[in-house]
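Here this note's numbering is used: the first residue of the sequence shown is 64, the next is one more, and so on.
For every residue, glycine included, the Cβ atom is placed at its ideal position computed from N, Cα and C.
Predicted, not measured: the structure shown is a model, and the values here were computed from it.
Here is the structure we will look at.
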Amino acid sequence: MSIQENNQLLRFTTAGSVDDGKSTLIGRLLYDSKSIFEDQIEAVKTSSEKKGFDYVDLSLLTDGLKSEREQGITIDVAYRYFATPKRKFIIADTPGHTQYTRNMVTGASTANLAIILVDARKGLLEQTYRHSFIASLLKIPHVVVCVNKMDLVDYSEEVYNQIVADYEAFSSKLDIKDVQFVPISALKGDNVVDRSENMDWYEGSTLLYHLEHVHIASDFNHIDCRLPVQMVIRPHTLEFQDFRGYAGRIDGGIFKPGDEVKILPSGFTSKVKTIELNGEQIAEAYAPMSVTMTLEDEIDISRGDMIVRPNNQPKSEQDLEVMVCWMNQKSLQNRTKLIVKHTTKECQAMVKDIQYKVDVNTLHRIEDIQEIGMNDIARVSIRTASPIFFDSYSKNRQTGSIILIDPNTNETVGAGMII
């Protein structure tokens, strides 16, 4: 087994105001960790010279869309992969503009860590508050605040300390467990991969060191056992005449052969007979593994059912309280009919009530509203046609999230976190 296969995968998202240097930072991470091919570097050097820059513009490594390069901004969520001997990384480079909030929510929904960039010259901006709020709303467990462009404030410790104090005062109102601060210069490479020689007053670790060593094993819920069934496997071959396996991704807890399990919604109980991964039987399975499970008894189970523990069950209700990020041009109104997709189950639903909208910059609630528009974040009551088996989003990010779909156009129109 190579080192690569053995190490953990860290997904992180970058967020910051427009022109805070997000794409340059990612370019710098890729460049200094030797994760780019020679020809890519050559192409970037050539385009930097064309534009008349006297330095290599590393942001061109991530901004792939032509309109992004022309305007020098990020629009779409760009996913980039790179690996070091310690870990594999997936970066979601998300846009900073307000009109792209929905893109940021998409990029952040699966992240273990968020990097929030602050321009050392400007300090905390409206965007910083908005991105921190989204990070806490999406329950991203770890946040790293990178104070960028330190080279433009002469690597001043006072400027850095002031920004740290301002951010700590604000983030105490949010639900973020782990916040770290790093002073960096993405353009010059200070404290990104290599330690800075210009900031000897900074005692902490570099950004890459922190990304490689942050503890992410306990980010998944390993207490509440949840296996939403994606498909039932019946091979019907001579060798496996009576084989009946239930395949799906484990969204929480640890399952072992011999465990008592309960099937929802039927309520039948059974025991786990075997658990298979890639055709081999394994002794235990935990989130986020995708496995095939067989049970001791023949039970009617189909896609959308959930296998749980008898003494630890999710809530099963038709009325949901959800924080929704609306992603469609057409606004959402009361009594709108939608399709809710939750784990592997889809069912029809209706909006009962829009309770309030959150002003993401001040965190104030705006009440008495009749509709929510694109990029709004609001608390909504939804009634589903059949019961949904869920945990609150704060307990389990997989079984606590839903997607809202327009039944007429089949577009994804919103993402929701169950409260």
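| Asked | Found |
| --- | --- |
| Which whole-angstrom value describes the C-beta separation of Ser248 and Gly159, a residue pair presumed to lie in contact below a C-beta threshold of 8 Å? | Not quite, the Cβ-Cβ distance comes to about 19 Å (not below 8 Å), so this is no contact. |
| Helix or strand or just coil, what does DSSP make of Tyr118? | coil |
| From the DSSP secondary-structure annotation, give me the bridge partner or partners of Met480. | Met386, Ser464 |
| CB-CB under 6 Å to Phe244, same chain, minus the five flanking residues each way: which ones, in chain order? | Val208, Val227 |
| I'd like to know whether the C-beta of Phe283 is nearer than 9 Å to at least one C-beta of chain C. | In the structure shown, chain C does not exist; there is a single protein chain. |
| May I ask you to verify whether the region 346-355 touches the region 413-425, counting CB pairs closer than 8 Å and requiring at least 3? | no |
| Nearest CA to the CA of Asn459: which residue from Thr406, Pro470, Val443? | Thr406 |
| Give the range of the alpha helix (DSSP H) segment to which Ser110 is assigned. | 101-113 |
| In chain order, what residues of the same chain have a beta carbon less than 8 Å from the beta carbon of Ala174, not counting five sequence neighbours either side? | Arg74, Phe75, Thr76, Ala155, Leu201, Ile203 |
| Hey, would you say Phe452 sits closer than 9 Å to Pro377, going by beta carbons? | yes |
| Can you check whether the CB of Leu250 is closer than 9 Å to the CB of Lys151? | no |
| Does the region 210-217 come close enough to the region 273-293 that 3 or more CB-CB pairs lie under 8 Å? | no |
| Figure out for me which residue from Thr169, His205, Val210 has the closest Cα to the Cα of Lys185. | Val210 |
| So, are the CB atoms of Ser394 and Gly436 less than 9 Å apart? | yes |
| With Tyr272 as the anchor, note down where its alpha helix (DSSP H) starts and where it stops. | 270-276 |
| Flag this pair as yes or no: are the beta carbons of Asn391 and Tyr163 separated by less than 9 Å? | no |
| In the DSSP output, what is Thr76 paired with across the bridge? | Ala155, Ala177 |
| According to DSSP, Ile435 sits in a beta bridge with which residue or residues? | Leu395 |
| Output the boundary residues of the alpha helix (DSSP H) element that contains Ile89. | 85-95 |
| By DSSP, does Ser219 sit in helix, in strand, or in coil? | coil |
| When you compare only the Cα positions, how much space is there between Asp120 and Asp469? | 41 Å |
| Could you work out which residue in Ile197, Val181, Ala177 is closest to Val168 when comparing CA atoms only? | Ile197 |
| Between Ile484 and the rest of its own chain, which residues show a CB-CB distance below 8 Å, the 5 nearest in sequence each way excluded? | The first residue shown for the chain is 64 and the last is 482, placing residue 484 beyond what the model contains. |
| Could you pull out every residue in the same chain whose Cβ sits closer than 7 Å to the Cβ of Arg193, ignoring the five residues on either side in sequence? | Val423, Asn424 |
| In whole angstroms, what is the alpha-carbon distance linking Val242 and Arg91? | 22 Å |
| With Val168 as the anchor, note down where its alpha helix (DSSP H) starts and where it stops. | 164-171 |
| Buried or exposed: which applies to Thr300, given that a residue is buried once 16 or more other Cβ atoms fall within 10 Å of its Cβ? | exposed |
| Count the other CB atoms, across all protein chains shown, that sit within 10 Å of the CB of Asp83; report buried if there are 16 or more and exposed otherwise. | buried |
| With which residues is Tyr349 paired in a DSSP beta bridge? | Ile317 |
| Tell me where the beta strand (DSSP E) around Gln190 begins and ends. | Segment 189-200 is the alpha helix (DSSP H) holding Gln190; no beta strand (DSSP E) there. |
| If you follow the beta strand (DSSP E) that His405 is in, where does it begin and where does it stop? | 400-405 |
| Give me the residue from Ile482, Gln304, Met262, Leu237 with the minimum Cα distance to His427. | Leu237 |
| Compute the beta-carbon to beta-carbon distance between Glu384 and Ser457, rounded to the nearest angstrom, for a pair I have assumed lies under 8 Å. | The pair is not a contact, with the Cβ atoms about 12 Å apart (cut-off 8 Å). |
| Relative to the C-alpha of Thr109, which candidate in Ser98, Leu123, Gly477, Ile465 has its C-alpha closest? | Leu123 |
| Considering only DSSP beta bridges, list what Gln344 is partnered with. | Glu339 |
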